[in-house]
């Protein structure tokens, strides 16, 4: 009987140790502490691109802007030439020649205007200023007594104002500016030029004016705008030139 009890006791003791060992192994395997992370694997191959979406519809056109102001022709103009005796290249008693130098003039396309101010000559329509050439006749309007003309020489970039009297010597007030130092109200005469630049392409595109000389074409164009080329002040206003 004692032998059986000892045998049972030994078996129970061994079973207890086995059970304890299993509990230890189970606790270790279920520990809350994670192990070190492994190395990251290589990136996978990129997938194929998706197809492009359809284009959106065009927006509606905006409203047209207002038209800009018409531009004027390219104009070159001088200050007033107010001559003294030493300015004349020819200074005879009855004939004077006043040189006026210029630049950027093409006689094939450009119109060359010279205006002449004479204090003692007053035209009711245009005041004291005239477009050259200008001619003066006797009181009967039959005999030419004086001429003021322009001689343009493009190769030398100079134009000559030529004043000539046909029956007497010229008076200082007929060719000088402020000829009387004691009377500054006596202004005399002065001159200025304007070069109205032309355009070959524009000329060719207008068959009605293509055969005209530059000055003739300018006169025709100004006339369509209601401007008389002889009216110095109207021409200045049209091209934005100070008087």
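In the numbering used here, the protein residues as written are 22 to 264. Glycine residues also receive a C-beta, built at the ideal position from the N, C-alpha and C atoms. The structure presented is a predicted model; accordingly, all values stated were derived computationally and were not measured.
>> Starting from residue 185, trace the alpha helix (DSSP H) in both directions and tell me its first and last residue.
In response: Segment 179 to 186 is the beta strand (DSSP E) holding residue 185; no alpha helix (DSSP H) there.
>> Please return the same chain residues whose Cβ sits closer than 6 Å to the Cβ of residue 101, not counting the five positions on each side in sequence.
In response: 211, 213
>> Could you pull the DSSP bridge partners for residue 157 from this structure?
In response: 167
> Does the count of Cβ pairs from the segment 118 to 129 and the segment 164 to 184 closer than 8 Å reach three?
Replying inline: yes
>> Between the alpha carbons of residue 202 and residue 112, how many angstroms are there, rounded?
In response: 20 Å
> Along the chain, where does the beta strand (DSSP E) that runs through residue 120 open and close?
Replying inline: 116 to 122
> When you compare only the Cα positions, how much space is there between residue 250 and residue 107?
Replying inline: 31 Å
> To which residues does DSSP link residue 172 through a beta bridge?
Replying inline: 181
> Between the C-alpha atoms of residue 177 and residue 216, what's the straight-line distance to the nearest angstrom?
Replying inline: 16 Å
> Buried or exposed: where does residue 135 fall if 16 or more other Cβ atoms within 10 Å of its Cβ makes it buried?
Replying inline: buried
> Any beta-carbon of chain E closer than 9 Å to the one on residue 217?
Replying inline: No chain E is part of this structure, which consists of one protein chain only.
>> Can you give me the C-alpha to C-alpha distance between residue 194 and residue 98, rounded to a whole angstrom?
In response: 25 Å
> Residue range of the beta strand (DSSP E) that residue 132 falls in?
Replying inline: 132 to 139
>> Quick check on this structure: which residue in 95, 123, 144 has the alpha carbon closest to the alpha carbon of residue 252?
In response: 144
> According to the neighbour-count rule (16 or more other Cβ atoms, all chains shown, within 10 Å of its Cβ), is residue 133 buried or exposed?
Replying inline: buried
>> At the level of alpha carbons, what is the spacing between residue 148 and residue 175?
In response: 30 Å
> What residue does the alpha helix (DSSP H) around residue 194 start on, and which one ends it?
Replying inline: Premise fails: residue 194 is in no alpha helix (DSSP H) and is neither H nor E.
> Within 10 angstroms of its Cβ, does residue 189 collect 16 or more other Cβ (buried), or is it exposed?
Replying inline: exposed
> Leaving out the 5 sequence neighbours to the left and right, which residues in its chain are closer than 6 Å to residue 219 when beta-carbon positions are compared?
Replying inline: 130, 131, 235
>> For residue 126 and residue 173, I'd like the C-alpha separation in whole angstroms.
In response: 10 Å
> What are the boundary residues of the alpha helix (DSSP H) that includes residue 264?
Replying inline: Neither: residue 264 is in no alpha helix (DSSP H) and is coded neither H nor E.
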